[in-house]
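A.B. asks: Take a look at this one; I'll ask things after.
In the numbering used here, the protein residues as written are 4 to 759.
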């Protein structure tokens with residue numbers, strides 16, 4: 004590594020030395036510690052004033068440089084030959100370097116590429132790292148800051164920048180610090196030079212330079228939807244016919260900044276790293292950046308940026324609705340720590356089918372736990388039950404029946420019970436035909452809690468009647484059979500299933516004495532199987548509007564060509580025994596559960612999705628999130644009952660809480676996947692794009708802009724309107740209570756459009 008003397012604070016390079024090994028570095032640091040101690044004794048405030056600089060010069064404090072040499076003897080970026088080192092400074096007084104190392108770095112030093120770490124002169128954090136090949140200093144700083152979750156000073160991004168060493172070492176890796184890799188020449192020195200375009204080295208995150216230095220996790224930071232940000236910049240330029248002309252540069256840079264800002268979760272600091280200067284001086288670039296950051300982009304992804312993403316087959320629409328990474332991470336956690344019965348059911352299940360089997364099992368487990376209620380959302384709100392309407396979605400021949408077969412050990416007690424009841428009824432009917440004139444027969448009243456979905460609605464009400472207040476289980480292998488029952492029965496099905504979601508009171512009274520009458524709760528859970536088209540038909544028309552589609556928990560099996568069917572392992576006797584124990588535990592449970600941890604987590608999740616729906620005026624997301632949250636809480640209740648011998652007194656485990664969020668997110672994403680487009684189109688038809696001519700100017704404007712809007716939304720409709728006029732109108736409406744200011748530059752219409 005190269006160490007320059009402190010005399011290089013001036014532009015001319017007077018002295019340079021190369022530290023080749025740890026012994027030389029130890030001697031240097033020993034001197035640095037002495038110098039630092041003397042300097043600190045003389046100066047209390049370590050600001051960069053003239054007095055401090057004089058002390059640094061006088062005591063020859065060593066400086067670690069991000070350059071191998073300066074070819075013309077002057078310290079500036081143009082003549083610097085960069086090495087592979089980069090410096091990272093955090094000046095936040097709330098970040099303690101020792102604590103940061105222990106909590107965020109220790110054990111990850113090599114993966115993060117950290118070669119040296121110390122307390123700086125001001126008691127802040129200083130790190131010297133090895134930057135991955137093809138990555139600029141700015142990119143390496145941004146990547147490390149992202150990994151550590153702390154801010155950093157982006158100024159020393161030039162190889163002409165140096166770092167004073169105090170000798171107050173926290174961590175050091177001599178093997179990495181004095182490696183050939185560290186001393187090598189970098190080909191990407193800086194991403195902030197005044198040049199016509201930024202470096203075009205293609206990166207996909209942070210590629211490793213050695214097996215130890217892989218900068219793990221930074222890839223997503225430098226990519227969007229797996230596309231390197233630099234590639235997106237290049238495509239933007241291509242679609243806009245190259246770099247701008249001199250008079251258009253500021254406007255061009257501003258537009259591309261706004262385009263990237265409209266991407267989900269885009270880090271603002273990346274604008275500095277990846278947006279080219281196009282010949283702008285740094286002061287002009289920073290002024291344009293500040294202007295772009297102070298303005299609010301339009302809701303959703305800009306049309307121009309959507310066009311860029313479309314080139315890479317990315318799907319920008321509805322990005323705010325779902326988080327696939329959340330499901331993957333939660334699934335790993337939940338599947339590792341499943342409770343009694345659930346663990347045994349899923350042990351022999353292939354990875355791609357696990358969520359489908361889990362949801363199918365919940366639909367049956369909820370039947371056995373029908374005597375339990377739990378407090379949902381808050382202690383004073385409604386009581387919830389373990390009701391589940393589950394749909395397994397797959398193409399024809401996609402393995403739906405394998406899911407049904409996998410959960411048969413859970414269904415077996417119900418089918419055996421129904422078989423006995425049916426045999427008793429059949430015997431009664433037979434005896435009634437052959438009885439004597441004076442012989443009296445009593446119809447047996449045996450519980451029957453299992454029936455097929457393709458039967459008549461009267462048969463289901465008969466089953467509810469025989470269940471004597473307990474929950475019944477309906478299994479329908481082809482949801483098409485429900486749709487094919489005819490329009491009258493079809494709508495009866497819709498009403499019945501909507502009542503079943505909350506086990507509400509319902510019934511059917513018939514004129515004929517021989518007809519089946521029922522008046523009571525529709526306590527039924529359902530497991531159904533079908534193709535995507537069959538479920539869309541089921542949920543189409545009125546059932547899209549009345550909310551039946553929102554009540555279903557949908558699981559998708561892998562689509563497309565599969566070389567062979569999923570391979571489920573046979574149940575062992577021990578697993579069957581554990582499933583029976585789980586059934587017994589659920590059947591014997593009763594009373595009211597408190598689940599404060601689950602409620603807190605599911606409330607946070609639901610409100611978070613609601614804020615996204617509000618921000619992006621997304622009625623579809625808003626509609627589906629509510630019942631997805633309920634389904635998640637119900638899954639957690641089953642998990643809690645199976646996880647504890649005393650669920651009424653013991654608190655939920657972390658896995659139970661994770662189960663709630665997993666099922667809620669999974670339910671939401673699959674509902675939107677199957678029905679989001681249908682629901683979107685329906686909602687768009689309900690919103691009239693043109694404002695009625697009888698409305699005033701402002702009434703027309705508020706009818707046509709989103710419920711959450713910026714001034715730019717108003718200017719799109721009325722570009723001739725002055726900002727002062729807009730400000731006065733917004734102030735009046737905020738005072739009147741028809742608007743609320745969400746944040747700087749962002750307003751929300753209360754309660755709905757149009758605001759009069």
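Each residue gets a CB set at the ideal place from its N, CA and C atoms; glycine is no exception.
Every value quoted in this text rests on a predicted model; they were computed, and no experiment measured them.
Using the Cα positions of residue 198 and residue 70, report the straight-line distance between them to the nearest angstrom.
C.D. replies: Counting from 1 along the chain shown, the entry for residue 198 is found at position 195. Counting from 1 along the chain shown, the entry for residue 70 is found at position 67. Residue placement at residue 198 is poorly supported in this model, since its pLDDT is 30, which falls under 50; the coordinates still yield a value, given next. Those two C-alpha atoms are separated by around 20 Å.
A.B. asks: List the endpoints of the continuous beta strand (DSSP E) containing residue 235.
C.D. replies: In the chain shown, residue 235 corresponds to position 232, counting from 1. Run containing residue 235: none in the beta strand (DSSP E); it sits in the alpha helix (DSSP H), 232-242.
A.B. asks: Between which residues of its own chain and residue 600 is the CB-CB distance below 6 Å, once the five residues before and five after are set aside?
C.D. replies: Numbered from its first residue, the chain shown carries residue 600 at position 597. So the list reads 655 and 660, once near-sequence residues are dropped.
A.B. asks: Can you give me the C-alpha to C-alpha distance between residue 652 and residue 645, rounded to a whole angstrom?
C.D. replies: As a position in the chain shown, residue 652 is number 649, starting the count at 1. As a position in the chain shown, residue 645 is number 642, starting the count at 1. The alpha-carbon atoms of residue 652 and residue 645 are separated by roughly 14 Å.
A.B. asks: For residue 242, which residues in the same chain have their Cβ closer than 7 Å to its Cβ, ignoring the five residues on either side in sequence?
C.D. replies: Residue numbering aside, residue 242 sits at position 239 when the chain shown is read from its first letter. Hits under 7 Å: 310 and 311.
A.B. asks: So what's residue 41 in DSSP terms, helix, strand or just coil?
C.D. replies: Looking up residue 41 in the chain shown gives position 38. Reduced to three states, the DSSP call for residue 41 is helix.
A.B. asks: Using DSSP bridges, identify the partner residues of residue 119.
C.D. replies: Mapped onto the chain shown, residue 119 falls at position 116. DSSP lists 131 and 175 as partners of residue 119.
A.B. asks: So does the region 145-158 actually touch the region 67-83, counting three or more Cβ pairs closer than 8 Å?
C.D. replies: Not touching, per the Cβ criterion.
A.B. asks: Can you tell me which residues form a DSSP beta bridge with residue 529?
C.D. replies: As a working mapping, residue 529 is identified with position 526 in the chain shown. For residue 529, which the question treats as bridged, DSSP gives the partners 392 and 477.
A.B. asks: Any idea which residues DSSP pairs residue 420 with across the strands?
C.D. replies: Numbered from its first residue, the chain shown carries residue 420 at position 417. None, per the DSSP bridge assignment.
A.B. asks: Can you tell which of 68, 753, 576 and 429 has the C-alpha that lies nearest to the C-alpha of residue 706?
C.D. replies: As a working mapping, residue 706 is identified with position 703 in the chain shown. For residue 706, the nearest C-alpha among the options comes from 753.
A.B. asks: How about residue 560 and residue 627: are their beta carbons less than 8 Å apart?
C.D. replies: As a working note, residue 560 is residue 557 in the chain shown. As a working note, residue 627 is residue 624 in the chain shown. No; because the gap between Cβ atoms is not below 8 Å, this pair is not in contact.
A.B. asks: Which whole runs of the beta strand (DSSP E) in the region 59-110 are 3 residues long or more, in chain order?
C.D. replies: With a minimum length of 3 residues, the continuous beta strand (DSSP E) runs that stay inside the region 59-110 are 66-68, 70-73, 83-85 and 88-93.
A.B. asks: Near residue 461, which residues of its chain fall below 6 Å by C-beta distance, leaving aside the five closest residues on each side in sequence?
C.D. replies: As a working mapping, residue 461 is identified with position 458 in the chain shown. The answer, listed in chain order, is 519.
A.B. asks: With a CB to CB cut of under 7 Å and the five nearest residues on each side skipped, what residues in its chain are close to residue 724?
C.D. replies: Sequence index remark: in the chain shown, residue 724 carries index 721 (1-based). Result list for residue 724: 717 and 718, in chain order.
A.B. asks: Use the C-beta contact count for residue 611: other C-beta atoms within 10 angstroms, 16 or more gives buried, fewer gives exposed.
C.D. replies: Reading the chain shown from its first residue, position 608 is the one you call residue 611. By the neighbour-count rule (16 or more Cβ atoms within 10 Å), residue 611 is not buried but exposed.
A.B. asks: Between 579, 587, 93 and 168, which has its C-alpha nearest residue 152's C-alpha?
C.D. replies: Along the chain shown, read from residue 1 onward, the residue named residue 152 stands at position 149. Among 579, 587, 93 and 168, the Cα nearest to that of residue 152 belongs to 93.
A.B. asks: Mind checking residue 453: buried by the 16 CB within 10 Å criterion, or exposed?
C.D. replies: Numbered from its first residue, the chain shown carries residue 453 at position 450. That one is buried.
A.B. asks: So, for residue 714: in the same chain, excluding its five sequence neighbours on each side, which residues have a beta-carbon less than 6 Å away from its beta-carbon?
C.D. replies: As a position in the chain shown, residue 714 is number 711, starting the count at 1. Hits under 6 Å: 729.
A.B. asks: If you compare alpha carbons, which of 500, 587, 562 and 572 is closest to residue 550?
C.D. replies: The sequence position of residue 550 within the chain shown is 547, counting from 1. Measuring from the Cα of residue 550, the nearest candidate turns out to be 500.
A.B. asks: Return the Cβ separation of residue 265 and residue 528 in integer angstroms, given the expectation that the two are a contact with Cβ distance under 8 Å.
C.D. replies: Within the chain shown, residue 265 is the residue found at index 262, counting from 1. Within the chain shown, residue 528 is the residue found at index 525, counting from 1. Contact flag wrong, Cβ pair sits at about 43 Å.
A.B. asks: Quick check on the DSSP output: the beta strand (DSSP E) that includes residue 746 runs from which residue to which?
C.D. replies: Residue 746 sits at position 743 when you count from the first residue of the chain shown. Looking at the DSSP string, the run of the beta strand (DSSP E) that includes residue 746 is 742-746.
A.B. asks: Using a Cβ-Cβ distance under 8 Å, would residue 449 count as near chain B?
C.D. replies: Of the protein chains in the structure, only one exists, and it is not chain B.
A.B. asks: So, at 6 Å on beta carbons, what are the nonlocal neighbours of residue 65 in its own chain, with the 5 sequence-adjacent residues on each side left out?
C.D. replies: Position 62 of the chain shown, counted from the start, is the residue given in the question as residue 65. These residues qualify, in order along the chain: 6, 31, 35 and 168.
A.B. asks: Quick check on the DSSP output: what are the complete alpha helix (DSSP H) runs of length 4 or more inside the region 583-664, in order along the chain?
C.D. replies: Taking only runs of at least 4 residues, the alpha helix (DSSP H) segments lying wholly in the region 583-664 are 599-618 and 622-646.
A.B. asks: Pick out whichever of 635, 593, 356 and 375 has its Cα sitting closest to the Cα of residue 571.
C.D. replies: Locating residue 571 in the chain shown gives position 568, counting from the first residue. Looking at the Cα atoms, 356 is the closest of the given residues.
A.B. asks: Taking DSSP as the reference, what is the three-state secondary structure of residue 485?
C.D. replies: Mapped onto the chain shown, residue 485 falls at position 482. Of the three classes helix, strand and coil, the one that applies to residue 485 here is helix, per DSSP.
A.B. asks: DSSP on residue 509, reduced to helix/strand/coil?
C.D. replies: Along the chain shown, one-based indexing puts residue 509 at 506. Reduced to three states, the DSSP call for residue 509 is strand.
A.B. asks: Can we say the region 573-590 touches the region 421-439, given the rule of at least three CB pairs closer than 8 Å?
C.D. replies: No contact exists between the region 573-590 and the region 421-439.
A.B. asks: Compute the Euclidean distance between the alpha carbons of residue 344 and residue 408, then round it to the nearest angstrom.
C.D. replies: Residue numbering aside, residue 344 sits at position 341 when the chain shown is read from its first letter. Residue numbering aside, residue 408 sits at position 405 when the chain shown is read from its first letter. When rounded, the distance between both Cα atoms is 16 Å.
A.B. asks: With H, G and I counted as helix, E and B as strand and the rest as coil, what does DSSP make of residue 162?
C.D. replies: Numbered from its first residue, the chain shown carries residue 162 at position 159. DSSP places residue 162 in coil when its eight states are reduced to three.
A.B. asks: Can you tell me whether DSSP reads residue 342 as helix, strand or coil?
C.D. replies: As a first step, residue 342 is located in the chain shown; it is residue number 339 there, counting from the start. Coil at residue 342, not helix or strand.
A.B. asks: Return the chain-ordered list of same chain residues with a C-beta closer than 7 Å to the C-beta of residue 712, the five sequence neighbours on each side being excluded.
C.D. replies: As a first step, residue 712 is located in the chain shown; it is residue number 709 there, counting from the start. For residue 712, where only same-chain residues beyond five positions count, the Cβ hits under 7 Å are 750.
A.B. asks: In this structure, does DSSP put residue 255 in helix, strand or coil?
C.D. replies: Taking the chain shown and counting its residues from 1, one reaches residue 255 at position 252. In this structure, residue 255 counts as helix in the three-state DSSP scheme.
A.B. asks: Using the rule of at least 16 other Cβ atoms within 10 Å of the residue's Cβ for burial, across every protein chain shown, is residue 649 buried or exposed?
C.D. replies: As a position in the chain shown, residue 649 is number 646, starting the count at 1. Burial call: exposed.
A.B. asks: Can you tell me whether residue 504 is helix, strand or coil according to DSSP?
C.D. replies: Reading the chain shown from its first residue, position 501 is the one you call residue 504. It is coil, neither helix nor strand.
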